[in-house]
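Residue numbers (the numbering used here): 789 to 1051.
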């Protein structure tokens, strides 16, 4: 019996495309048996049928993977429960030292002048004034010991303290019916999140780490800490935020990472 093999598609890294598709499908399907079945049987032809895209070149593969990623974002948004808390841990379980992670090396960590720092708040908010660190520290503070989960496959437990983001949004009169909040950072990073996650009780404007002012390597003067999101959705060195109904994307999201980024 002669076994026919699918001809290679010019300009397409088939193995890489299928690996990415299997990863996305695996994260989307909850039941282990169904997930394993889809991951084992997914081929370029199956990818084409799933997405309705023509898999004939790199552009076709990218379009198919984008469709799957967008579907994944939509499903995660629909099943996100704003009342469901992420697990918390005793301080004895804190990972020491907590890992540094960024798109650059530790020798390139940004240094922000505390005295000159101002947080810019714009978009669909009533109060667009800038905020100093003393003003942010004067708001009611809370802390949490939660797990940071990195898309690269590792995780670590840390203790973050700061202002509940929902409290800050209420203070500035944010339109909480808006869809997105975008962030711009001193290290040229940018990202955005959905409003339900912004209002989640564990989403913090983190000003401290392990009881001390947030060190530069963890995002001084302020980072957004969300235990319900993967690490790349937690921006550091935040300088500006804006409330909007237009999806602002993000540094990694614009390169193909899932936008919702739930952990």
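Glycine included, C-beta positions come from ideal geometry on N, C-alpha and C.
Taking DSSP as the reference, what is the three-state secondary structure of residue i?
i	result
residue 1026	strand
residue 888	coil
residue 1019	helix
residue 947	strand
residue 1001	strand
residue 883	coil
residue 917	coil
residue 828	Because the pLDDT at residue 828 is just 46, under 50, the model does not fix this residue reliably, and the point stays unresolved.
residue 864	helix
residue 1042	helix
residue 1037	coil
Beta carbon of residue i, beta carbon of residue j: below 8 Å?
i	j	result
residue 950	residue 907	no
residue 864	residue 934	no
residue 1018	residue 1051	yes
residue 975	residue 1024	yes
residue 1032	residue 941	no
residue 932	residue 948	yes
residue 1066	residue 954	Because the chain here runs from 789 to 1051, residue 1066 falls outside it and cannot be looked at.
residue 987	residue 875	no
residue 902	residue 1009	yes
residue 985	residue 1016	yes
residue 773	residue 894	Lying outside 789 to 1051, the shown extent of the chain, residue 773 is not represented and no answer is given.
Quick one: is residue i buried, meaning 16 or more other Cβ sit within 10 Å of its Cβ, or exposed?
i	result
residue 917	exposed
residue 1013	buried
residue 1029	buried
residue 884	exposed
residue 734	Absent from the structure is residue 734, since the part of the chain shown begins at 789 and ends at 1051.
residue 873	exposed
residue 824	Residue placement at residue 824 cannot be trusted, given a pLDDT of 49 that sits under 50; what the coordinates show is reported in the next sentence. By the neighbour-count rule (16 or more Cβ atoms within 10 Å), residue 824 is not buried but exposed.
residue 983	buried
residue 911	buried
residue 1006	buried
residue 1048	buried
residue 1044	exposed
residue 996	buried
Got a sec, what are the start and stop residues for the beta strand (DSSP E) residue i sits in?
i	result
residue 902	Per DSSP, residue 902 belongs to no beta strand (DSSP E) and is neither H nor E.
residue 925	Taken as a continuous stretch (DSSP letters only), residue 925 belongs to no beta strand (DSSP E), being part of the alpha helix (DSSP H) at 921–926.
From the DSSP output, read off the bridge partner residues of residue i.
i	result
residue 1012	993
residue 1032	968
residue 982	968
residue 874	Bridge partners of residue 874: none, in fact.
residue 962	913
residue 1050	1017
Taking the alpha helix (DSSP H) that residue i belongs to, which residues open and close that run?
i	result
residue 954	953–959
residue 930	Careful: residue 930 lies outside any alpha helix (DSSP H), inside the beta strand (DSSP E) at 930–937.
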